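Read the structure below first, then the notes.
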Amino acid sequence: MLIDPRVLILLGANALLLHLCLMVNSSLAPFSLYFVLLGPMPVLPALYLNQRSFFLCTVLTGLWVDAALPTTFGLFTCTMLTLGTVIFGARIRFRAEQNYHPIVLAHAVNLGCLIMLIPFEGLQYLSSTAFWIQLLITCFASHAALLIIAPWFFNLERLLFQLCNTDQDPDELPLS
Amino acid sequence: MAKFRLDKFKPLVALGLFLVAWWIVPTLSKSFLPFLRVSFTEFQAPAWIVTSYLDDLEEFWARRSHSKIELIEAGQTLARQKAFYQLLDQRNNTLETEVMRLETILNMPSRREFRYEVARVIRRDLSAWWQQIVIRKGDDYGITEGAAVIFAGGVVGRVIEVNAFTSRVELITSPNFRMAASFEGDDRPVVFQGVPQSGFGAPTGAVRDAPQDLVANTHEPLQLISTRLGGTFPPGLIIGKVGWLEPGSSGIFQAGEVQLDERLLSLHEVSVLIPLTPLVYDRDVD
Numbered sequence: 055m056l057i058d059p060r061v062l063i064l065l066g067a068n069a070l071l072l073h074l075c076l077m078v079n080s081s082l083a084p085f086s087l088y089f090v091l092l093g094p095m096p097v098l099p100a101l102y103l104n105q106r107s108f109f110l111c112t113v114l115t116g117l118w119v120d121a122a123l124p125t126t127f128g129l130f131t132c133t134m135l136t137l138g139t140v141i142f143g144a145r146i147r148f149r150a151e152q153n154y155h156p157i158v159l160a161h162a163v164n165l166g167c168l169i170m171l172i173p174f175e176g177l178q179y180l181s182s183t184a185f186w187i188q189l190l191i192t193c194f195a196s197h198a199a200l201l202i203i204a205p206w207f208f209n210l211e212r213l214l215f216q217l218c219n220t221d222q223d224p225d226e227l228p229l230s
Numbered sequence: 035m036a037k038f039r040l041d042k043f044k045p046l047v048a049l050g051l052f053l054v055a056w057w058i059v060p061t062l063s064k065s066f067l068p069f070l071r072v073s074f075t076e077f078q079a080p081a082w083i084v085t086s087y088l089d090d091l092e093e094f095w096a097r098r099s100h101s102k103i104e105l106i107e108a109g110q111t112l113a114r115q116k117a118f119y120q121l122l123d124q125r126n127n128t129l130e131t132e133v134m135r136l137e138t139i140l141n142m143p144s145r146r147e148f149r150y151e152v153a154r155v156i157r158r159d160l161s162a163w164w165q166q167i168v169i170r171k172g173d174d175y176g177i178t179e180g181a182a183v184i185f186a187g188g189v190v191g192r193v194i195e196v197n198a199f200t201s202r203v204e205l206i207t208s209p210n211f212r213m214a215a216s217f218e219g220d221d222r223p224v225v226f227q228g229v230p231q232s233g234f235g236a237p238t239g240a241v242r243d244a245p246q247d248l249v250a251n252t253h254e255p256l257q258l259i260s261t262r263l264g265g266t267f268p269p270g271l272i273i274g275k276v277g278w279l280e281p282g283s284s285g286i287f288q289a290g291e292v293q294l295d296e297r298l299l300s301l302h303e304v305s306v307l308i309p310l311t312p313l314v315y316d317r318d319v320d
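Note that the protein sequences, when read in sequence, are chains A and B. Taken in order, the first sequence gives residues 55 to 230; the numbers are from this note's numbering. Taken in order, the second sequence gives residues 35 to 320; the numbers are from this note's numbering.
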């Protein structure tokens, strides 16, 4: 097959997560709460797919996120690809079939995305106390929500692999 | 000795090539990245529009569950309000005719006229980094970039991006938003600008370049309204209230905090003001 069908499954799951996240953010706007839940998106592509499929899935996910959010176009594409490549390079050390390692990685990637947002989108607000207060609230809220969202999301992705009768083991691992 | 594996560097090489390409492509073709962005945005727009219509449907079914008596009472209230607004409309027409007559006598320049396009808000992106909303009308309804957006409580913001079926609006709470304003009953222009929001309490903005003789206090706050200057907003729209003014950094003018309408954070419907005669820079600036 030209591309791994799991690319489409993971891409669809990422688009769903982003859509739900933005819907929740829209509803919570009067309470000034905002969730950044991008961390889980590049984790399973980096742990499960071969290099070409991982690259394709992560680039498309990044472009999807960049188009949906009012950020500098390419910010999340490049960030996710960079962090995903780091995970991909060390994926032999992580257990993809259980949730513990992916959740830790999701938190790390999410923190990376939040850190990247500060210089690229908030550089002119660095002197404002209000900005830092809201940033801290966003960080805490996002990572607290991620504790619930990430396991659900990874289980959903694995369930979709199962339902679509695709390969349920990571590609290109020396032990597989 | 273990064989040195070059294939483990393949992902890093691919990443490097991608980053270099991302950096070089805009210099070769300026329209490629905007085209890519618009393509992805338009591709996901239907999902947001469908979600918005589903919300409307949910509201419709929620209203259907009301009893007939409740609906009759609501209808009566609406009828009373309609009669009241019809009276106001008549009075408005009379005053408008009078204003036009006086303008003709005084040979005053014509004012900018706007068409009002009411649009549903389909998404709110209010965070530490951006303060924007997405509305369910775009190029299909003739929305233009830079058009003013208002609601029942006054100024909402300005359209910054127009797509085929949706538009993105920058709120007045955004630090990137700035407009000319004046205090009610005082024609001298001041500058209003959005500020980063802390997330606690009502949204705020900042006013600067206010004249020294103006005095504001929390018991009698000054009302900040839009002016004709800039050409985007019609005059007299409410921006917010200023509870205090203090000497600004220049020492010549005053500055202060503007309390904005709390409803800005939970908007459901807004009006886009589309100018009937768009500004032509070369013609209108002279």
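We put the beta carbon where it would ideally sit given N, CA and C, even for glycine. Bear in mind the structure is a predicted one, so any value in this text is a computation, not a measurement.
Open item on the list: Please report the straight-line C-alpha distance between L307/B and Y150/B, rounded to a whole angstrom.
Closed with: Cα-Cα distance, rounded: 5 Å.
Open item on the list: Taking the beta strand (DSSP E) that Y175/B belongs to, which residues open and close that run?
Closed with: Judged by DSSP secondary structure, Y175/B falls outside any beta strand (DSSP E); it is assigned neither H nor E.
Task: Pair within 9 Å by beta-carbon distance, N164/A and L91/A - done: Contact flag set, yes.
Open item on the list: Using the three-state DSSP reduction, which class does I187/A fall into: helix, strand or coil?
Closed with: I187/A falls in the helix class under three-state DSSP.
Task: Neighbouring residues, chain A, relative to T200/B (Cβ below 8 Å) - done: Below the 8 Å Cβ cutoff, chain A contributes no neighbours of T200/B, its closest Cβ being approximately 11 Å away.
- [ ] Express the C-alpha separation of E296/B and F85/A in angstroms, rounding to a whole number.
- [x] Cα to Cα, the separation comes out at about 11 Å.
Open item on the list: Output needed for A198/B: all residues of its chain with C-beta closer than 8 Å, excluding positions within five of it in sequence on either side, in chain order.
Closed with: Cβ neighbours of A198/B beyond the five flanking positions: E76, A79, G172, D173 and D174.
Open item on the list: Assuming the contact rule is C-beta atoms closer than 8 Å, G138/A and P99/A should be a hit. Round their C-beta distance to whole Å, please.
Closed with: That pair is a contact at about 7 Å.
Task: Terminal residues of the beta strand (DSSP E) in which D120/A lies - done: Element bounds for D120/A: not the beta strand (DSSP E) but the alpha helix (DSSP H), Q105 to A122.
Task: For V155/B: DSSP bridge partner residues - done: Answer by DSSP bridge pairing, in chain order: I169/B.
Task: Proximal residues to D225/A (C-beta, below 8 Å), its chain only, five neighbours per side dropped - done: D58, Y102, L103, N104 and S107, listed in sequence order.
Task: Same chain, Cβ closer than 8 Å to A215/B, neighbours up to 5 away in sequence not counted - done: These residues qualify, in order along the chain: P223, V224, V225, F226, V241, L258, I259, S260, T261 and I273.
TODO: Pick out the complete alpha helix (DSSP H) segments inside the segment 176 to 251 of chain B, 4 residues or longer, and give them in chain order.
DONE: With a minimum length of 4 residues, no continuous alpha helix (DSSP H) run stays inside the segment 176 to 251 of chain B.
Task: For F52/B, the three-state DSSP class (helix, strand or coil) - done: F52/B: helix per DSSP, three-state reduction.
Task: Partner residues on chain B for M135/A, Cβ-Cβ distance less than 7 Å - done: With the sequence shown as reference, residue 135/A is identified as Leu, and Met is not the correct amino acid for it. Those within 7 Å of L135/A in chain B are L49 and F52.
Task: Any chain B beta carbon closer than 9 Å to Y102/A - done: By this cut-off, Y102/A is not an interface position.
- [ ] Could you name the residues of the segment 149 to 179 of chain A whose beta carbon sits closer than 7 Å to any beta carbon of chain B, in the order they occur along the chain?
- [x] Within the segment 149 to 179 of chain A, L171, E175, G176, Q178 and Y179 place their CB atoms closer than 7 Å to a CB of chain B, listed in sequence order.
Task: Given 8 Å, three or more beta-carbon pairs between the segment 64 to 82 of chain A and the segment 117 to 130 of chain A - done: Touching, yes.
Task: Whole-angstrom distance between T115/A and L62/A, CA atom to CA atom - done: Between L62/A and T115/A, the C-alpha separation is close to 10 Å.
Open item on the list: Quick check on R212/A: does DSSP put it in helix, strand or coil?
Closed with: Reduced to three states, the DSSP call for R212/A is helix.
Task: Cα-Cα separation, L159/A to H100/B - done: Computed Cα separation, rounded: 49 Å.
Task: Collapsed DSSP secondary structure at P143/B in the structure displayed - done: The answer is coil: DSSP assigns P143/B none of H, G, I, E or B.
Open item on the list: Can you give me the C-alpha to C-alpha distance between W82/B and L110/A, rounded to a whole angstrom?
Closed with: If you take the alpha carbons of W82/B and L110/A, they lie about 25 Å apart.
Open item on the list: Looking at chain A, is there any beta carbon in it that lies within less than 9 Å of the beta carbon of P45/B?
Closed with: Yes, P45/B counts as interfacial toward chain A.
TODO: For the beta strand (DSSP E) holding L258/B, just list the boundary residues, first then last.
DONE: Per DSSP, L258/B belongs to the beta strand (DSSP E) from L256 to S260.
Task: Inter-residue spacing [alpha-carbon to alpha-carbon] between N127/B and V133/B - done: When rounded, the separation of the alpha-carbon atoms in N127/B and V133/B is 10 Å.
Open item on the list: Using a Cβ-Cβ cutoff of less than 6 Å, which residues in the same chain neighbour S230/A once the five nearest sequence positions on both sides are dropped?
Closed with: Caution is warranted here: a pLDDT of 46 is assigned to S230/A, below 50, making its placement in the model unreliable, and the coordinate value is therefore given only provisionally. In its chain, beyond the 5 residues on either side, D223 have a beta carbon closer than 6 Å to the beta carbon of S230/A.
Task: Amino acids of chain A, ordered along the chain, whose beta-carbon sits closer than 7 Å to that of P209/B - done: Per Cβ cutoff of 7 Å: Q178 and Y179.
Task: the segment 145 to 168 of chain B: positions lying closer than 7 Å to chain A by Cβ - done: Cβ proximity to chain A below 7 Å picks out R157, R158, D159, L160, S161, A162, W163, W164 and Q166 from the segment 145 to 168 of chain B.
Task: Extent of the continuous beta strand (DSSP E) run through G274/B - done: DSSP places G274/B in the uninterrupted beta strand (DSSP E) bounded by I272 to V276.
Task: Inter-stretch contact at 8 Å, needing at least 3 Cβ pairs: the segment 185 to 192 of chain A / the segment 144 to 164 of chain B - done: Here the segment 185 to 192 of chain A lies against the segment 144 to 164 of chain B, with 3 or more beta-carbon pairs under 8 Å apart.
TODO: Output yes if chain B places a C-beta closer than 9 Å to the C-beta of I63/A; else output no.
DONE: No, no contact with chain B.
Task: Own chain partners of K275/B with C-beta closer than 8 Å, once the 5 adjacent residues on each side are dropped - done: Once the five neighbours on either side are set aside, the close Cβ partners of K275/B are P255, L256, Q257, L258, V292 and Q293.
- [ ] Can you tell me the Cβ-Cβ gap for I156/B and I169/B, rounded? I've got them flagged as a contact below 8 Å.
- [x] That belief holds up - the Cβ atoms of I156/B and I169/B are roughly 7 Å apart, short of 8 Å.
- [ ] Output yes if chain B places a C-beta closer than 9 Å to the C-beta of S230/A; else output no.
- [x] With a pLDDT of only 46 at S230/A, under 50, the local geometry of the prediction cannot be trusted, and no value is derived from it.
Open item on the list: Contact criterion: CB-CB distance below 9 Å. Does L210/A meet it with respect to chain B?
Closed with: For L210/A, the closest Cβ of chain B is not nearer than 9 Å.
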